[in-house]
Amino acid sequence: MSFTFFTKPSTGFEIVPQDDIEDVRHDEKKSSFTWHRSSKYPCSHLTVSRVTRVATWAITILLVLSNLHFMWLIRRYSSVVQAHKAWPQHPVYSPAQNAVQYHDIVYTSGFGAELSEYQGPPSPESDQAWSDLYILDVEADFEDAVGISRISMAEAHELANRTVPIPDDPGYYAVGLDVFSSAPLP
275 MSFTFFTKPS TGFEIVPQDD IEDVRHDEKK SSFTWHRSSK YPCSHLTVSR VTRVATWAIT
335 ILLVLSNLHF MWLIRRYSSV VQAHKAWPQH PVYSPAQNAV QYHDIVYTSG FGAELSEYQG
395 PPSPESDQAW SDLYILDVEA DFEDAVGISR ISMAEAHELA NRTVPIPDDP GYYAVGLDVF
455 SSAPLP
């Protein structure tokens with residue numbers, strides 16, 4: 275005895291003995307969409323195809339909405355990243371803001387023949403290159419060029435962090451310039 279699966283509208287799938295299939299089969303004499311009403315097992319073939327179509331459309335709509343949401347997230351994230359790459363609209367005040375200059379530099383690999391002027395064994399040329407980074411006046415001592423600076427009271431009030439007045443210099447405050455860079459230095 276063999277079995278065949280048929281669906282019932284109320285219970286889903288049901289196993290029907292092969293002997294009873296003739297009760298469920300399509301009546302060839304009637305229209306192609308008419309089924310036996312007196313059948314012991316009413317077949318819902320049309321309902322299954324309708325459910326399949328609805329499920330297909332639902333999945334398609336969900337996929338389209340998911341893709342649109344994903345594209346929106348990518349666009350939103352990329353605009354946030356671009357905003358962070360740009361110079362801030364309201365940077366923290368620094369007395370050195372007027373002295374800051376930006377230069378586009380293409381760095382070399384730092385290996386073999388692509389060494390920068392700051393790399394390699396000590397030489398008068400590399401020492402001069404390093405001195406030029408820190409000392410504005412070639413004749414000045416290193417201690418005179420780098421260290422604590424003084425700013426006016428008006429500049430001190432604009433700082434994000436507190437500073438202390440210089441005891442022997444009324445109206446001026448002590449500051450030190452600190453540099454942080456996430457890019458490799460030359």
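So the number in my numbering is just where the residue sits in the sequence shown, counting from 1, plus 274.
The beta-carbon is built from N, C-alpha and C at its ideal position, and this holds for glycine as well.
(message) Rounded to whole angstroms, what is the Cα-Cα separation between residue 395 and residue 447?
(response) Going by the C-alpha atoms only, they are around 41 angstroms apart.
(message) Quick check: residue 434 and residue 366, are their CB atoms within less than 7 angstroms of each other?
(response) In contact: residue 434 and residue 366 (Cβ atoms closer than 7 angstroms).
(request) Please state whether DSSP places residue 447 in a helix, a strand or coil. (result) For residue 447, the three-state secondary structure derived from DSSP is strand.
(request) Give the DSSP bridge partners of residue 390, in chain order. (result) BP columns for residue 390 are empty, so no partner.
(request) Measure how close the beta-carbons of residue 438 and residue 369 come, nearest whole angstrom, since I'm counting them as under 8 angstroms. (result) About 15 angstroms separates the beta carbon of residue 438 from that of residue 369, a gap too long to meet the 8 angstroms contact definition.
(message) Please classify residue 425 as buried or exposed, where buried requires at least 16 other C-beta atoms within 10 Å of its C-beta.
(response) Residue 425 should be labelled buried.
(message) Give me the residue from 403, 427, 397 and 352 with the minimum Cα distance to residue 445.
(response) The residue with the shortest Cα to Cα distance from residue 445 is 427.
(message) Distance check for residue 329 and residue 323, CA to CA, integer angstroms please.
(response) Rounded to the nearest angstrom, the two C-alpha atoms are 10 angstroms apart.
(message) Measuring only the C-alpha atoms, how far is residue 334 from residue 347?
(response) Going by the C-alpha atoms only, they are around 20 angstroms apart.
(request) From the DSSP output, in three-state form, read off residue 441 for me. (result) Of the three classes helix, strand and coil, the one that applies to residue 441 here is coil, per DSSP.
(message) Quick check on the DSSP output: the alpha helix (DSSP H) that includes residue 430 runs from which residue to which?
(response) Following the DSSP letters along the chain, one finds residue 430 inside the alpha helix (DSSP H) bounded by residues 427–431.
(request) With DSSP collapsed to three states, give me the class of residue 424. (result) When secondary structure is reduced to three states using DSSP, residue 424 falls in the strand class.
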